[in-house]
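Trainee: Last residue of the sequence shown: 519 (our numbering), numbering continuous.
By construction, the Cβ of each residue, glycine as well, lies at the ideal position given by its N, Cα and C atoms.
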Amino acid sequence: MITINERISTRGTIPQYMNIEQTLALEEYEIFFNGNKSSYYGLLVSEYPTIPCINEEVEEVNIEGRNGSLLIKKGTYKNRELSIKFKMLDSEYFWSRFNKAEAWLSNITDNRLMYDRKDKCFIVKRVVFGDISKELRLYGEFEVTFIVEPFLQDISAFSRSWFENEYVITNQGDFETLPEFKFYGKGNIQVQINDDTFTINNVVDEVTINSELMLCYGKNKENKLLDMTGGFPTLEIGDNEIIVSSNVTKTSIEFINYYR
Numbered sequence: 260m261i262t263i264n265e266r267i268s269t270r271g272t273i274p275q276y277m278n279i280e281q282t283l284a285l286e287e288y289e290i291f292f293n294g295n296k297s298s299y300y301g302l303l304v305s306e307y308p309t310i311p312c313i314n315e316e317v318e319e320v321n322i323e324g325r326n327g328s329l330l331i332k333k334g335t336y337k338n339r340e341l342s343i344k345f346k347m348l349d350s351e352y353f354w355s356r357f358n359k360a361e362a363w364l365s366n367i368t369d370n371r372l373m374y375d376r377k378d379k380c381f382i383v384k385r386v387v388f389g390d391i392s393k394e395l396r397l398y399g400e401f402e403v404t405f406i407v408e409p410f411l412q413d414i415s416a417f418s419r420s421w422f423e424n425e426y427v428i429t430n431q432g433d434f435e436t437l438p439e440f441k442f443y444g445k446g447n448i449q450v451q452i453n454d455d456t457f458t459i460n461n462v463v464d465e466v467t468i469n470s471e472l473m474l475c476y477g478k479n480k481e482n483k484l485l486d487m488t489g490g491f492p493t494l495e496i497g498d499n500e501i502i503v504s505s506n507v508t509k510t511s512i513e514f515i516n517y518y519r
């Protein structure tokens with residue numbers, strides 16, 4: 260009988276590299292994006308977006324001799340579009356504020372978008388806006404559309420390391436997630452996650468397996484895909500039992516919780 264040494268939940272954890280001052284000080288009518296709050300540029304949110312529902316993509320197939328159609332779930336989701344309207348507060352320094360605001364929306368180094376709630380964020384893929392100065396002169400406000408990834412997610416990735424050979428990690432999100440594992444040890448290692456097992460042979464000191472990027476590489480970044488058998492691991496919703504072979508001395512994991 261397997262004895263689980265510890266259960267780790269990711270709910271309620273605040274990553275060490277989360278910017279507490281920026282996120283927790285977020286006020287109403289502000290957003291956080293690209294490393295700063297909108298108020299830093301004299302921008303006030305005049306209209307928040309209606310967040311579109313997230314729906315799994317399906318394919319509708321008509322089959323001869325069958326009533327109705329067959330729906331095939333693809334397991335994929337489309338990007339979401341969030342349109343936010345801003346007003347510029349400081350008319351005295353209009354052009355200075357305008358230039359900085361335009362650069363803030365264009366030169367993206369931090370693609371996290373936060374508003375309304377401070378513990379979750381959207382990941383921005385693209386920002387769409389028109390002639391901001393013209394819109395401001397005509398209407399006193401302008402609209403920005405953020406094209407974001409389908410899922411709401413934690414501010415930062417969750418990470419944990421342990422030395423036990425048996426462990427339980429909890430995925431607190433609403434969807435399966437693709438983790439990155441790092442295993443320390445030598446020789447041929449075997450890993451079981453829930454009912455799925457994979458092996459990596461000829462490990463020297465450490466090996467990394469990244470399920471999202473579908474990569475497996477060694478200490479010196481050498482490709483280990485040919486030494487790997489079995490599929491890339493996923494974390495199911497809820498508890499995930501992780502068992503590693505006895506020659507694994509340490510295991511590290513990093514993943515993101517995804518929400519509707």
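#1: Quick check on residue 464: does DSSP put it in helix, strand or coil?
#2: Note down, one range per segment and in chain order, each beta strand (DSSP E) of at least 3 residues found wholly within the stretch 375–404.
#3: Below 7 angstroms between beta carbons: does that hold for residue 437 and residue 405?
#4: Ignore the nearest five residues each way along the sequence and tell me which others in residue 468's own chain have a CB closer than 6 angstroms to its CB.
#5: Between the C-alpha atoms of residue 312 and residue 518, what's the straight-line distance to the nearest angstrom?
#6: Compare the Cα-Cα distances from residue 497 to each of 400, 429, 464 and report the closest residue.
#7: Would you identify the three-state DSSP class for residue 483, choosing helix, strand or coil?
#8: Quick one: what's got a C-beta closer than 6 angstroms to residue 329's C-beta in the same chain, skipping five residues either side?
#9: Quick one: Cα of residue 520 to Cα of residue 485, how far?
#10: Would residue 331 be called buried (16 or more neighbouring beta carbons within 10 Å of its own) or exposed?
#11: Mapping the DSSP letters down to three states, classify residue 364 as helix, strand or coil.
#12: Alpha carbons only, please: which of 370, 408, 341, 425 is nearest the one belonging to residue 506?
#13: In three-state DSSP terms, what is residue 300?
#14: With respect to the beta strand (DSSP E) encompassing residue 338, which residues constitute its N-terminal and C-terminal limits?
#15: Tell me which same chain residues have a C-beta within less than 7 angstroms of the C-beta of residue 280, skipping the five on either side of it?
#16: Over the uninterrupted beta strand (DSSP E) stretch that includes residue 449, give me the two end residues.
#17: Residues in its own chain within less than 7 angstroms of residue 413 by CB, not counting five upstream and five downstream?
#18: Does residue 473 pass the burial test, meaning 16 or more other C-beta atoms within 10 Å, or should it be called exposed?
#19: At which residues does the beta strand (DSSP E) containing residue 372 begin and terminate?
#20: Beta strand (DSSP E) containing residue 509: first to last residue?
#21: Per DSSP, what are the beta-bridge partners of residue 421 in this structure?
#22: Quickly, what does DSSP pair residue 412 with across the bridge? List them, please.
#23: So, under 8 angstroms CB-CB, residue 502 and residue 431 are touching, yes? Tell me the CB distance rounded to an integer number of Å.
Mentor: Taking the definition as stated:
#1: Reduced to three states, the DSSP call for residue 464 is strand.
#2: Here the runs fully enclosed are 379–388.
#3: 7 angstroms or more divides the Cβ of residue 437 from the Cβ of residue 405.
#4: These residues qualify, in order along the chain: 440, 475.
#5: Approximately 12 angstroms, taken between the alpha carbons.
#6: Checked all of 400, 429, 464; the closest Cα to residue 497 is 429.
#7: Here DSSP, grouped into helix, strand and coil, assigns residue 483 to coil.
#8: Excluding sequence neighbours, residue 329 sits near 320, 322.
#9: The chain is shown from 260 up to 519; residue 520 falls before or after that span and cannot be answered.
#10: Classification of residue 331: exposed, given that the 10 Å Cβ count is below 16.
#11: DSSP places residue 364 within a helical segment (H, G or I) once states are collapsed to three.
#12: Of the candidates 370, 408, 341, 425, the residue whose Cα lies closest to the Cα of residue 506 is 425.
#13: Under the three-state reduction of DSSP, residue 300 is assigned to helix.
#14: Element bounds for residue 338: n/a, residue is neither H nor E.
#15: Annotation note: pLDDT 42 at residue 280 (below 50); position unreliable, coordinate value reported separately. Shown here for residue 280: not one same chain residue has a beta carbon closer than 7 angstroms to its own, the five before and five after excluded.
#16: Residue 449 -> beta strand (DSSP E) spans 439–452.
#17: Apart from the 5 residues on each side of it in sequence, residue 413 sits with its Cβ closer than 7 angstroms to the Cβ of 379, 515, 516 in its chain, given in chain order.
#18: Exposed is the call here.
#19: Boundaries of the beta strand (DSSP E) harbouring residue 372: 371–373, taken from the DSSP string.
#20: In the DSSP assignment, residue 509 falls within the unbroken beta strand (DSSP E) covering 507–514.
#21: Bridge partners of residue 421: 510.
#22: Paired residue(s): 380, 517.
#23: Not a contact, Cβ separation roughly 21 angstroms.
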